[in-house]
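Structure record follows, encoded as structure tokens.
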Amino acid sequence: MRIFRERRADAECDSRAARGAAAPGAGLTGVRAVVAIASAKGGVGKSAIAVNLAAALALAGHKVGILDADLNSPNVLAMLGLQAPRRVFGGDAIEPIAGPLGLRIAASGLLPGGEPPPVSFLDDEAAHAAASRNGSALAELDYDDALRRLIGLTSFGALDVLLIDLAPGLEQLFRLARIAPLAGAIIVTQPSDFSVRAARGAIEIARLCAVPVLGLVENMVGFSCEGCHSVRPLLPHGDLAAAAAAEEVATLARLPFDARLAESCDRGVIFIRAYAESPLAKNFHELARLVALKLSAALAAESHQLSAAEEAG
Ligand SMILES: Nc1ncnc2c1ncn2[C@@H]1O[C@H](COP(=O)(O)OP(=O)(O)O)[C@@H](O)[C@H]1O
Ligand SMILES: [Mg+2]
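In my numbering, the protein residues as written are 21 to 333.
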């Protein structure tokens with residue numbers, strides 16, 4: 021088993037990371053827009069949203085990839101019904117997994133077995149004790165180094181949008197911004213005061229890192245009551261609207277709770293295809309439309325550059 025750990029700020033770790041680091045963003049050459057899906061806390065729906073937003077963008081005609089940057093708890097492949105990969109390498113490059121709707125997926129399981137070099141965070145004595153307890157099956161790996169390699173080595177090819185599904189925590193966006201050039205971030209929240217405060221923290225971090233906030237997605241805002249045909253509150257309402265206005269950030273979507281989304285994720289089925297007529301599926305298509313609109317300037321500018329380069333070549 022491999023565990024990706026925080027880097028210890030000492031010379032040994034730094035030199036190992038420097039020795040093994042792939043060039044930042046080297047695998048992103050053909051990607052027009054890289055978008056992070058971030059949240060301050062876990063379980064708010066980032067991965068479920070990443071998968072269905074990616075599918076909605078693909079159904080709208082875009083070439084889309086997903087990079088599962090939750091290195092220790094990757095679940096994007098499973099949510100798409102794909103097996104944990106048998107590793108496919110072409111030289112040093114990592115070939116992403118081909119998913120439904122032409123989606124191209126990369127996850128930590130694709131990293132070569134010996135890469136990046138393991139970093140132990142235990143002193144020698146503790147490491148030996150742990151090794152004798154657990155049969156030495158655990159390798160601790162530097163998190164940022166592994167993420168940098170996964171991003172740098174994966175041959176995504178030509179993509180319109182690469183969604184990067186982050187692990188929970190405000191620091192994840194900060195760390196990713198140092199590794200990959202981001203066209204923007206989507207911040208996922210739930211209706212609670214805590215989530216709203218956390219969303220404001222995420223916006224602040226995005227701004228510190230000069231990452232444009234494409235907008236907020238408020239998930240699980242209510243549930244559809246089949247008995248009385250109304251949408252009823254599910255969680256206490258944090259005042260996201262006021263926070264979004266104060267931060268001058270758009271709310272891109274307010275998504276209801278629909279148990280069939282959780283069930284679809286568990287079964288590895290794309291919700292917006294399985295329940296295409298549901299209100300939530302329509303919310304995802306509208307979210308995709310708004311995201312594409314927000315990215316349109318970057319996409320148009322980039323495609324202009326590409327065609328200019330093609331003409332020159
Ligand atoms: N709107 C929703 N309705 C029903 N279930 C949802 C919804 N959003 C997310 N879920 C479910 O909640 C759980 C946590 O979502 P997940 O995407 O794994 O969160 P995160 O990636 O932020 O940790 C998953 O089982 C997912 O299917
Ligand atoms: Mg997740």
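Note that the Cβ used here is the ideal one computed from N, Cα and C, for glycine as well.
- Beta-bridge partners of THR209 (DSSP): GLU238.
- Segment contact: the segment 111-126 against the segment 212-221, fewer than three CB-CB distances shorter than 8 angstroms; contact not assigned.
- Within a 10 Å sphere around the beta-carbon of ASP286 sit fewer than 16 other beta-carbons, which makes this residue exposed.
- If you look at ASP88, you'll find it isn't in any alpha helix (DSSP H); it sits in the beta strand (DSSP E) that goes 84-89.
- When the beta-carbon positions are compared, PHE291 and SER284 come within less than 7 angstroms of each other.
- Residue range 66-79 is occupied by the alpha helix (DSSP H) that includes ALA75.
- Assigned with DSSP and collapsed to three states, GLU297 falls in coil, not helix or strand.
- Partner residues in a beta bridge of PRO120, as assigned by DSSP, do not exist.
- Minimum Cα-Cα distance from VAL231 among the listed residues VAL54, ILE23, GLY47 corresponds to VAL54.
- Going by beta carbons, LEU190 and ALA222 fall inside the 7 angstroms limit.
- Rounded to whole angstroms, the gap between the alpha carbons of ASN303 and ASN72 is 10 angstroms.
- A direct Cα-Cα distance of roughly 34 angstroms separates VAL241 from LEU170.
- Between ILE69 and LEU275, the alpha-carbon positions lie close to 10 angstroms from each other.
- The shortest CA-to-CA distance from ALA219 to any of GLY50, ARG52, GLY62, VAL51 is the one to GLY62.
- Judged by the Cβ position, ASP259 fails to qualify as a neighbour of ligand 1 at the 6 angstroms threshold, every heavy atom of the ligand being at least this far.
- Linking GLU267 to VAL208 through their CA atoms gives a straight-line distance of about 15 angstroms.
- Beta-bridge annotation (DSSP): ARG252 is paired with PHE243.
- The C-beta separation of ALA205 from VAL181 comes to about 13 angstroms, leaving the pair out of contact by the 8 angstroms criterion.
- By the C-beta density criterion, GLY119 is buried, having at least 16 other C-beta atoms within 10 angstroms.
- In the three-state DSSP reduction, ALA58 falls in the strand class (E or B).
- In the DSSP assignment, ARG25 falls outside any alpha helix (DSSP H) and lies within the beta strand (DSSP E) extending over 22-25.
- Less than 7 angstroms separates the beta-carbon of VAL84 from that of ALA78.
- Residue side-chain check: VAL64 places its Cβ nearer than 6 angstroms to a non-hydrogen atom of ligand 1.
- For ASP164, the enclosing alpha helix (DSSP H) has its first and last residue at 163-173.
- VAL96 sits away from SER128, with the two beta carbons spaced by 7 angstroms or more.
- In this structure, the beta-carbon distance from PHE24 to LEU91 falls below 7 angstroms.
- No Cβ-Cβ contact shorter than 7 angstroms links LEU186 with ALA273.
- Inclusion of LEU228 and ALA264 in the CB contact set at 7 angstroms is not warranted, their separation being larger than that value.
- Judged by DSSP secondary structure, LEU275 falls outside any alpha helix (DSSP H) and instead within the beta strand (DSSP E) spanning 271-277.
- By the neighbour-count criterion, in which 16 or more other beta carbons inside 10 Å mark a residue as buried, GLU224 falls on the exposed side.
- Closest option to PRO94, judged by alpha-carbon separation, among ARG52, ARG195, PRO188: PRO188.
- Where LEU190 is concerned, the enclosing alpha helix (DSSP H) starts and stops at 190-197.
- Counting of Cβ neighbours within 10 angstroms places ARG252 among the exposed residues, the total staying below 16.
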